[in-house]
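>
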Amino acid sequence: MARTLINVPKTAKRGQVIEIKTLISHPMETGFRPDRSGKLVPRDIINKFVCTYNDVEVFRADLHPAIAANPFISFSTVATESGTLAFTWTDDAGKIYAEKANIVVE
Amino acid sequence: MGRHFRIVERTLRAVIFPIVVVATPAFAAEIPPSEKRSGYFFMSRETQAMQDDLTANPGMLSVLDGEALWSRKAGAADRACADCHGDASASMKGVAARYPAFDATRGRPINLDQRINSCRAERQQATPLPYESKDLLALSAYVATQSRGMPVTPPDDPRLERFREAGRAFYEVRQGQLNLACGHCHDDNWGKRLAGALIPQAHPNGYPIYRLEWQSVGSLQRRLRNCLIGMRAEHFDYGAPEYVDLELYLAWRGRGLPVEAPAVRP
Amino acid sequence: MTDRTHSSRTSRRRFLAGAGALAGGLGLALRIRPADATPEAMAEAIKQVVGQAKLQQGKIKLELPPLVENGNTVPLTVSVESPMTEAAHVRRIHLFNEKNPQPYVATFHLGPRSGRSSVSARLRLADSQHVVAIAELSDGSLWTTRVHVVVTIAACLEEIG
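Protein chains in written order, with this note's numbering: chain B, 12 to 117; chain Y, 9 to 274; chain R, 4 to 164.
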């Protein structure tokens, strides 16, 4: 399981726009880098990131090799109701890394 | 002993340093305290921001890994760091700020990575972690960050003196194909540019750092090795006493600067 | 403190070998660039994504440092003037580059639940170049901007491994 760091406010007022910061450890190997023998290291990146809010998608990112290693993505969403923000990162092999954060909206 | 100008120095000055450098046998004296600056000050605003925001600092991923390892039982003794040291934010506060420190068993100074491995071998009866391994860097980052904000405070221990002087001698000797000493860049030309990069003063207060060039966290030894390779000088294996002596000297030279681990550096 | 040198005199040839090695070391850091990493490739990629639609200047802002110390991690923030309501919002933001081996960077999918249209990420840029951003609004209009970034690299490089 890759290490992740998520920053979501614990509470918010209804209708408030909140900023969400996400960081995940991943080499984002571009596929263009030669190793010591001169052979290209195969591509291995996270190509998709999705955030759902109580199961409704509120943000999605399609990522390419030009995104830096240990991808950082920060975006915003409207605090509509209390519940769960779920984050998934998908890599080229189809592997999914998942995290959750709860929010209380008054 | 006369210092005659050599072709290499004239070419160096013309090619590498944008400003004429007078090649004197001794450097300017130690950087005066009022001019002592962490590598932080030589970075762009954006990179500084990356370091300051602990919710976005990539080094924090390593710190989080270290936090998990701190509580994980290991070795034949089936013991976690936490079992002896409890809450790291209390027990490890100030520790990284005073390393390298003297180790009576070895009769010489050791750095934080070596201290962690000593504990693993002796108290946990676990195999030491390889230098620059993900786990050792994570534990080192986790322990070091407990001193974040505190001044680098080398121990006032007379047993360290001759090792610190050995470190100083290494810092001041000309080495390698480019015939440069550390001080030529970091005492005489800090703040100026070398091939487009700003030269910092070479203080150890940020380590272990997330280096943008490495795209990962790395130790001070990795950086020293990197420098020696760049200078086309002989470099040593990880754990070499030459590195620890130099780290000891650099800690003294950078004393008073705040620990910034995990720092971000270009 | 003594000044011990490895040899009493460094010949010009040895220095050039050393400098060449340093320069060669610099070469190691540059990612290989296949023939299609060009502004033309970027233009083609943009056409693939937006088709024949007209790209207008304005509304979209791209914040990137004009000069970066290391191309491996370049912070970027893109934002669009938009009320982000059901009636008028940003649907997608596309990012492109012109000198990396391939021209795509990312596509961000937004909507009325976003609140704001600002997204931040970190890119890697292989060389000094332009980064282009295109916003697709809910009314179908497209807005674009570009920023030039100068990328410097580390002076002293580690050999691979």
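Yeah, the Cβ is synthetic: ideal placement off N, Cα and C, and Gly gets one too. Note that the coordinates shown come from a computational prediction; the quantities given were computed from them, not determined experimentally.
#1: Contact check, residue 80 (chain R) vs residue 121 (chain R) under 8 Å by CB: the rounded distance?
#2: Report yes if the CB atom of residue 263 (chain Y) is closer than 8 Å to the CB atom of residue 160 (chain Y), and no otherwise.
#3: When DSSP builds the beta bridges, which residues end up paired with residue 100 (chain B)?
#4: With 8 Å set as the bound, which would you pick, yes or no: does the beta-carbon of residue 73 (chain R) sit closer than that to a beta-carbon of chain Y?
#5: Considering residue 42 (chain R), what are the terminal residues of the beta strand (DSSP E) in which it resides?
#6: What are the boundary residues of the alpha helix (DSSP H) that includes residue 99 (chain Y)?
#7: If you compare alpha carbons, which of Y:158, Y:246 and Y:43 is closest to residue 107 (chain Y)?
#8: Report the neighbours of residue 34 (chain B) on chain Y: residues whose CB is nearer than 9 Å to its CB, in chain order.
#9: What number of angstroms, rounded off, separates the C-alpha of residue 222 (chain Y) from the C-alpha of residue 88 (chain R)?
#10: By a C-beta neighbour count over all protein chains shown, 10 Å radius and 16 as the cutoff for buried, is residue 65 (chain B) buried or exposed?
#11: Report the option in Y:113, Y:261, Y:202 and Y:267 whose CA atom is closest to the CA atom of residue 217 (chain Y).
#12: What do you get for residue 113 (chain B), buried or exposed, if any count of 16 or more other CB atoms within 10 angstroms of its CB means buried?
#13: Out of Y:163, Y:41, Y:258 and Y:51, which has the shortest C-alpha to C-alpha gap to residue 109 (chain Y)?
#14: If the criterion is Cβ atoms closer than 8 Å, does the pair residue 133 (chain Y) and residue 97 (chain Y) meet it?
#15: Where residue 183 (chain Y) and residue 138 (chain R) are concerned, what is the direct C-alpha to C-alpha distance, given to the nearest angstrom?
#16: In chain order, which continuous runs of the alpha helix (DSSP H) of length 4 or greater are located wholly inside the region 80-150 of chain R?
#17: Give the interface partners of residue 78 (chain R) over in chain Y, defined as CB-CB distance under 7 Å, in chain order.
#18: Give me the residue from R:41, R:113 and R:105 with the minimum Cα distance to residue 127 (chain R).
#19: Determine the closest residue to residue 145 (chain R) out of R:48, R:155 and R:54, with distance taken between C-alpha atoms.
#20: What is the DSSP secondary structure of residue 39 (chain Y), reduced to helix, strand or coil?
#21: Does the contact criterion of 3 or more C-beta pairs under 8 Å hold for the region 69-88 of chain B versus the region 102-116 of chain R?
#22: Taking the straight line between their C-alpha atoms, what separation do you get for residue 42 (chain R) and residue 134 (chain R)?
#23: Tell me which same chain residues have a C-beta within less than 8 Å of the C-beta of residue 115 (chain R), skipping the five on either side of it?
#24: May I ask you to report which of helix, strand or coil DSSP gives residue 153 (chain Y)?
#25: What does the alpha-carbon distance come out to for the pair residue 204 (chain Y) and residue 71 (chain R)?
#26: Indicate the three-state DSSP secondary structure (helix, strand or coil) for residue 249 (chain Y) in the structure shown.
#27: Between the Cα of residue 84 (chain Y) and those of Y:234, Y:270, Y:128 and Y:151, spot the shortest distance and give me the residue it belongs to.
#28: Looking only at C-alpha atoms, which of Y:41, Y:245, Y:60 and Y:69 sits nearest to residue 156 (chain Y)?
#29: What does residue 81 (chain B) touch in chain Y if you count any residue whose Cβ is under 9 Å from its own?
#30: In three-state DSSP terms, what is residue 66 (chain B)?
#31: Under a CB-based cut-off of 8 Å, is residue 98 (chain Y) close to chain R?
#32: When the Cα atoms are used, what is the spatial distance from residue 73 (chain R) to residue 114 (chain Y)?
#33: Would you report the Cα separation of residue 70 (chain B) and residue 70 (chain Y), rounded to the nearest angstrom?
#34: Are residue 60 (chain R) and residue 148 (chain R) touching if we call contact CB-CB under 8 Å?
#35: If you draw a straight line from the C-alpha of residue 197 (chain Y) to the C-alpha of residue 207 (chain Y), how long is it?
#36: Counting only beta-carbon atoms, is residue 114 (chain B) nearer than 8 Å to chain R?
Let me lay it out:
#1: The Cβ separation is near 6 Å, so the contact holds.
#2: Yes; because the gap between Cβ atoms is below 8 Å, this pair is in contact.
#3: B:60 and B:108
#4: At least one C-beta of chain Y is nearer than 8 Å to the C-beta of residue 73 (chain R).
#5: In the DSSP annotation of this structure, residue 42 (chain R) is not part of any beta strand (DSSP E); the continuous alpha helix (DSSP H) holding it starts and ends at 42-53.
#6: 96-99
#7: Y:158
#8: Listed along the chain, the chain Y residues whose CB falls inside 9 Å of the CB of residue 34 (chain B) are 63, 64, 65, 66, 68 and 69.
#9: 42 Å
#10: exposed
#11: Y:267
#12: exposed
#13: Y:163
#14: Taking 8 Å as the Cβ cut-off, residue 133 (chain Y) and residue 97 (chain Y) do not qualify as a contacting pair.
#15: 54 Å
#16: none
#17: 54 and 58
#18: R:105
#19: R:54
#20: coil
#21: yes
#22: 10 Å
#23: For residue 115 (chain R), the CB contacts under 8 Å within the same chain, skipping 5 residues up- and downstream, are 87, 88, 89 and 92 in chain order.
#24: helix
#25: 10 Å
#26: Looking at residue 249 (chain Y) - three-state DSSP - the assignment turns out to be helix.
#27: Y:128
#28: Proximity to residue 156 (chain Y) across Y:41, Y:245, Y:60 and Y:69 peaks at Y:60, based on C-alpha coordinates.
#29: In chain order: 66, 69, 218, 223 and 224.
#30: Coil.
#31: no
#32: 40 Å
#33: 27 Å
#34: yes
#35: 7 Å
#36: So, not an interface residue.
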